[in-house]
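Using my numbering, the first residue of the sequence shown is number 1, and each one after it goes up by one. Every residue, glycine too, gets a C-beta built ideally from N, C-alpha and C. See below for the structure under consideration.
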Amino acid sequence: MKSIISKLAYIWALLALPIVLAAFIGNRFLAEKLVTITGLQKSPWDTGGEIVQTINHGAYQTMIHRPVFDGLISERKKGFVQVDWRANEGTLLEIISEEVDYDLDGIIDFQIQLDTGNNKAEINPLSPYVIGLWRVYRLENERAVRVLLKNKRR
């Protein structure tokens, strides 16, 4: 009798597993809730890190994220800082020029010029820790760039 019950339990588990996986993968809301309950967070390598400074320019906002050097065990030698631009109303300006102090030490670390129409950017590093432009992202009503950095602490 115990053998029959355990076999039925295994069969039920095998049949339920694909259903549970399909529900988890197909339902983004449920998946995010289940991950939140566990206390897990999205990697800053995906999100760009937390926003540490927001500058309002009237027509648009500049959001500077914290520098990301996070590794599995310790900090990496190279990382990035993400800078976002979001239009307050309508669309972004065609050309945006910005001086960025990513480490908030009062000294400009790089200058960036973003062409929002062509989704291209040029960077002028002013700090020895700024390596160069990594990537330009086009989002719904905003643009983002990631700038490669050397870790000051390594």
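Residue 145 places its beta carbon 8 Å or farther from that of residue 126. Residue 85 is bridged by DSSP to 62 and 143. The three-state secondary structure of residue 18, taken from DSSP, is helix.
Counting C-beta atoms within 10 angstroms of its own C-beta, residue 57 has fewer than 16 neighbours from the protein chains shown and is therefore classed as exposed. Of the residues 43, 143, 15 and 64, the one whose Cα lies closest to the Cα of residue 95 is 143.
Annotation for residue 46: the continuous alpha helix (DSSP H) segment containing it runs 44-47.
With respect to the 8 Å criterion, residue 106 and residue 82 are not classified as neighbours on the basis of their beta carbons.
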